[in-house]
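Add 1 to a position in the sequence shown, counting from 1, and you land on the number used in the numbering used here.
Ideal placement from N, C-alpha and C gives every residue a C-beta, glycine not left out.
Since we're looking at a predicted model, the values are computed, not measured.
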Amino acid sequence: MLRSQYTVTRPVYSDDSFAIDHEKVFRLRKTPLDKVKEYLTCDSKRIKNVVLSLLPIIGWMRIYRIKEWLLGDVVSGVSTGLVAIMQGLAFSLLASLPPSYGLYTAFFPVLTYFFLGTSRHISVGSFPVLSLMVGAVVTRLVPEVGPSANITGFDNLTMYEKRVVVASSLTFLMGIFQLAMGLLQVGFIVVYLSDTLVSGFTTAAAVHILVSQLKFVLGLEVPGISGPLSIIYTLEENFVQITSTNICDLVMSIIIMIVVFIAKELNDKYKAKLPVPIPIEVIMTIISCGLSYGFNFEKRFGVSIVGKMVSGYESPIAPSIEVFQESAVEAFPIAIVGFAVAFSVAKVYSIKHDYTIDGNQELIAFGVSNIFGASFRSFAASTALSRSAVQESSGGRTQIAGLISALMAMVVTLALGFLLEPLPRSVLGALVIVNLKGMLMQFREIPYLWRRDKTECVVWLGTCIGAILLGLDLGLGVGLGIELLTVVFRTQFPRCSVLASIAGSDLYKDRKDYVELYEPQGVKIFRIPSPIFFANIDFFKDKLIEAVGFNPLRVLRKRNKALMKIKAMWQKRDVNITEKGMWDLFLQMTDESQMKPSETASELKGLPFKVCWNAELPACISVPRVDIHSVILDFSAVSFLDISALKGLKAMLKEFIHVDVNVYIASCDVYILETLHSCMFFDDEIHTSMFFPTIHDAMLHVLETRKDINTGCVSHQRKQPSDIEIQSTAVLDPDPAVEVETSPLSPC
Numbered sequence: 002m003l004r005s006q007y008t009v010t011r012p013v014y015s016d017d018s019f020a021i022d023h024e025k026v027f028r029l030r031k032t033p034l035d036k037v038k039e040y041l042t043c044d045s046k047r048i049k050n051v052v053l054s055l056l057p058i059i060g061w062m063r064i065y066r067i068k069e070w071l072l073g074d075v076v077s078g079v080s081t082g083l084v085a086i087m088q089g090l091a092f093s094l095l096a097s098l099p100p101s102y103g104l105y106t107a108f109f110p111v112l113t114y115f116f117l118g119t120s121r122h123i124s125v126g127s128f129p130v131l132s133l134m135v136g137a138v139v140t141r142l143v144p145e146v147g148p149s150a151n152i153t154g155f156d157n158l159t160m161y162e163k164r165v166v167v168a169s170s171l172t173f174l175m176g177i178f179q180l181a182m183g184l185l186q187v188g189f190i191v192v193y194l195s196d197t198l199v200s201g202f203t204t205a206a207a208v209h210i211l212v213s214q215l216k217f218v219l220g221l222e223v224p225g226i227s228g229p230l231s232i233i234y235t236l237e238e239n240f241v242q243i244t245s246t247n248i249c250d251l252v253m254s255i256i257i258m259i260v261v262f263i264a265k266e267l268n269d270k271y272k273a274k275l276p277v278p279i280p281i282e283v284i285m286t287i288i289s290c291g292l293s294y295g296f297n298f299e300k301r302f303g304v305s306i307v308g309k310m311v312s313g314y315e316s317p318i319a320p321s322i323e324v325f326q327e328s329a330v331e332a333f334p335i336a337i338v339g340f341a342v343a344f345s346v347a348k349v350y351s352i353k354h355d356y357t358i359d360g361n362q363e364l365i366a367f368g369v370s371n372i373f374g375a376s377f378r379s380f381a382a383s384t385a386l387s388r389s390a391v392q393e394s395s396g397g398r399t400q401i402a403g404l405i406s407a408l409m410a411m412v413v414t415l416a417l418g419f420l421l422e423p424l425p426r427s428v429l430g431a432l433v434i435v436n437l438k439g440m441l442m443q444f445r446e447i448p449y450l451w452r453r454d455k456t457e458c459v460v461w462l463g464t465c466i467g468a469i470l471l472g473l474d475l476g477l478g479v480g481l482g483i484e485l486l487t488v489v490f491r492t493q494f495p496r497c498s499v500l501a502s503i504a505g506s507d508l509y510k511d512r513k514d515y516v517e518l519y520e521p522q523g524v525k526i527f528r529i530p531s532p533i534f535f536a537n538i539d540f541f542k543d544k545l546i547e548a549v550g551f552n553p554l555r556v557l558r559k560r561n562k563a564l565m566k567i568k569a570m571w572q573k574r575d576v577n578i579t580e581k582g583m584w585d586l587f588l589q590m591t592d593e594s595q596m597k598p599s600e601t602a603s604e605l606k607g608l609p610f611k612v613c614w615n616a617e618l619p620a621c622i623s624v625p626r627v628d629i630h631s632v633i634l635d636f637s638a639v640s641f642l643d644i645s646a647l648k649g650l651k652a653m654l655k656e657f658i659h660v661d662v663n664v665y666i667a668s669c670d671v672y673i674l675e676t677l678h679s680c681m682f683f684d685d686e687i688h689t690s691m692f693f694p695t696i697h698d699a700m701l702h703v704l705e706t707r708k709d710i711n712t713g714c715v716s717h718q719r720k721q722p723s724d725i726e727i728q729s730t731a732v733l734d735p736d737p738a739v740e741v742e743t744s745p746l747s748p749c
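Below, the structure is given as structure tokens:
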């Protein structure tokens with residue numbers, strides 16, 4: 002196939018010669034003090050930007066198209082509101098709270114997010130994973146069996162009132178953490194939660210949620226259990242009481258799960274044809290309420306129902322400082338998970354609809370929303386993918402849809418809540434379980450990850466198993482630890498390689514990967530594809546020694562010992578030197594100042610020659626042979642060097658120099674060079690002339706400087722005279738691919 006070609010003719014550059022030919026622009030770098038002054042500078046433009054940043058509603062309200070968007074937002078708000086009400090009731094059971102408090106979570110946080118949030122499509126409210134994490138703290142401090150935690154504010158309160166205080170105080174603290182992170186501009190923290198980790202974590206949460214809802218589906222009285230291995234103890238309690246299963250609850254739950262599952266599959270299959278998804282949860286809830294009320298399920302079959310709904314809104318409450326002290330450890334991971342999930346969903350829709358979201362502002366928005374909501378007894382708010390999908394797919398364009406959904410929750414709380422009192426709790430449990438399908442199906446990622454990236458698979462499995470067995474808070478810590486270990490492993494033990502030239506080109510690839518390679522004898526090109534820092538500098542040294550085939554420090558010591566023997570033989574005029582024609586071992590030196598300063602300099606005093614170590618030595622002298630005269634280090638993938646690595650690199654370069662091996666560094670980042678200069682890296686032995694802009698420049702320089710020495714070459718294809726300039730021919734071709742044809746490297 003014909004391909005385009007190009008011709009480049011230029012001198013061979015080192016970094017020094019390149020600086021001479023090309024003047025560099027001087028850039029004045031800002032000091033930390035300058036950045037602080039700039040940050041504290043206040044003018045009208047900056048005030049405007051701050052206001053627009055803190056109140057994103059101003060930005061999208063200015064471009065709001067009433068005729069085109071309002072109807073879609075209203076329809077979307079109604080659809081989302083119905084789902085939010087049902088999910089709020091169901092997820093409040095996960096938080097071990099009365100169902101009516103789920104309606105608070107569907108209302109209060111939405112009001113503040115409407116003004117402060119940057120996403121236009123996510124539906125703010127309860128999220129099953131957060132509800133379960135809140136529920137673990139609630140049951141720990143206020144268990145169903147046994148005394149509650151020793152907290153002053155619990156005096157004269159019922160069990161459910163105590164639980165509401167714990168949940169709202171925990172949510173308040175969670176909001177403080179989120180707000181503080183947003184103000185400190187640390188929204189980047191979400192990058193440490195990879196998609197793999199979040200997938201494993203949410204899958205484990207789905208398993209916990211499934212187990213926690215079994216007692217409602219089966220109609221059993223199982224106390225809430227928290228802490229490590231709680232899932233095993235909960236399953237044990239369920240199986241111990243399995244003979245006491247309420248058949249009415251079980252049958253009703255199975256029917257609801259089957260119907261809702263089928264309806265959701267139909268929604269997915271025909272979503273392009275349906276104007277709005279079928280609100281199957283709402284339909285089944287209404288039917289269940291009617292049947293429960295008409296046939297009196299509570300008294301006739303012993304079914305546990307929602308019971309008395311709180312009518313209206315209660316006055317704000319202050320959070321409990323003692324609950325803060327008891328739950329601070331759990332509040333922080335809840336804050337991180339809530340933000341990470343919401344930001345991930347928001348990012349999906351921002352890309353789809355072409356607008357930007359701000360991670361730091363999202364932290365502020367959710368922080369304020371949770372603080373405001375907790376003051377009115379709501380629990381942790383984030384977003385749910387299913388609810389956000391309803392809001393977006395049903396025509397929602399802005400958070401006006403979210404505001405309408407909140408108003409629907411308010412109407413139910415103020416006027417229609419009594420209609421939900423006959424609703425069996427098993428119905429809510431069944432709705433929770435059937436909505437876990439998406440999270441539970443993430444188990445299918447295991448074979449995919451194992452085939453594609455076993456390290457990522459380990460992260461997924463470690464996070465999932467850790468969260469299942471140890472609980473969601475400790476499991477998240479385990480997952481983060483495993484993920485950070487994989488990062489450390491990949492940077493501390495990178496895949497180093499020895500490069501060679503592709504025959505007829507200036508391209509250099511791993512010599513294990515290609516057949517047509519061209520490698521001059523006596524030259525090694527070594528590549529390390531990671532930053533060099535204190536943790537991997539020793540690994541870097543070991544891999545380089547393995548690549549060149551000798552340890553320069555060991556060779557140096559052997560040579561020192563050999564020189565001591567040679568010096569003694571010379572002083573004694575040993576026949577091995579004077580009479581048996583061993584002078585060919587040495588190169589005559591008439592100017593002692595030409596000798597390179599090294600550790601061997603003291604041993605050369607009194608000797609009028611320099612030893613040729615690659616010649617055949619006397620039997621009494623054993624020195625490792627060094628067939629390498631030049632080493633080229635490819636630094637194109639090295640993004641930084643720390644002080645420890647810098648010292649180790651300098652020592653390693655000197656070791657090679659002392660055994661007469663020239664070292665060159667190619668493609669070094671300019672900021673690394675600045676660091677080397679500032680840290681006094683260069684001296685009488687290590688010069689800036691060792692640095693080259695490309696590997697090919699360094700290689701051609703080596704061949705030019707060694708052209709008077711017969712080193713020979715090893716090639717799998719052909720050998721041609723070297724050319725110090727890169728030359729090729731450009732030919733127009735319909736194929737857009739570009740082929741580089743260059744004179745290959747060859748023997749000097």
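Opening and closing residue of the alpha helix (DSSP H) in which residue i lies
| i | result |
| --- | --- |
| F527 | First-last for F527: 524-528, but that is the beta strand (DSSP E), not the alpha helix (DSSP H). |
| Y102 | 101-106 |
| V703 | 696-706 |
| Y294 | 281-296 |
| S387 | 386-394 |
| I666 | Not the alpha helix (DSSP H): I666 falls in the beta strand (DSSP E), residues 663-667. |
| Y161 | 160-184 |
| M681 | Counting along the chain, M681 falls outside any alpha helix (DSSP H), and DSSP gives it neither H nor E. |
Backbone CA spacing between residue i and residue j [nearest angstrom]
| i | j | result |
| --- | --- | --- |
| S631 | Y193 | 41 Å |
| V624 | M570 | 16 Å |
| I259 | I243 | 22 Å |
| G118 | L56 | 8 Å |
| G374 | V52 | 23 Å |
| A381 | L171 | 8 Å |
| G430 | M440 | 16 Å |
| L417 | C290 | 13 Å |
| Q728 | R11 | Because Q728 carries a pLDDT of 39, less than 50, the predicted location of this residue cannot be relied on, and the following value inherits that uncertainty. Distance between the alpha carbons of Q728 and R11: 8 Å. |
| H209 | A407 | 28 Å |
| D250 | F302 | 9 Å |
| E457 | L29 | 42 Å |
| L677 | I533 | 13 Å |
| H751 | Q400 | An answer regarding residue 751 cannot be provided, because it is not within the stretch 2 to 749 covered by the chain. |
| D156 | G225 | 22 Å |
| L462 | P448 | 11 Å |
Same chain only: Cβ atoms within 8 Å of residue i, ignoring 5 sequence neighbours per side
| i | result |
| --- | --- |
| E580 | Residue placement at E580 is poorly supported in this model, since its pLDDT is 42, which falls under 50; the coordinates still yield a value, given next. Excluding residues within five positions, none has a Cβ falling inside 8 Å. |
Residue i (DSSP reduced to helix, strand or coil)
| i | result |
| --- | --- |
| T8 | coil |
| P521 | strand |
| D724 | In this prediction, D724 has a pLDDT of 38, which is less than 50 and means its spatial position is unreliable; what the coordinates show is noted afterwards. Looking at D724 - three-state DSSP - the assignment turns out to be coil, as it is neither helix nor strand. |
| F109 | helix |
| A205 | helix |
| G368 | helix |
| F692 | strand |
| V125 | strand |
| P57 | helix |
| D17 | helix |
| D511 | strand |
Own chain, CB closer than 7 Å to residue i, minus 5 neighbours either side, in chain order
| i | result |
| --- | --- |
| Q76 | The question names Gln, but residue 76 in the sequence shown is Val. Around V76: V277, S395, G396. |
| E393 | H122, Y350 |
| D628 | G523 |
Nearest candidate by alpha-carbon position, reference residue i, set the options
| i | options | result |
| --- | --- | --- |
| S132 | R398, A207, A181 | A207 |
| F116 | A366, A638, D698 | A366 |
| A620 | P100, K566, L386 | K566 |
| V524 | A385, V664, V489, A646 | V664 |
| Y102 | V307, T384, K265 | V307 |
For residue i, the first and last residue of its enclosing beta strand (DSSP E)
| i | result |
| --- | --- |
| D635 | 631-635 |
| I503 | 498-503 |
| D643 | Looking at the DSSP string, D643 is not in any beta strand (DSSP E), and its letter there is neither H nor E. |
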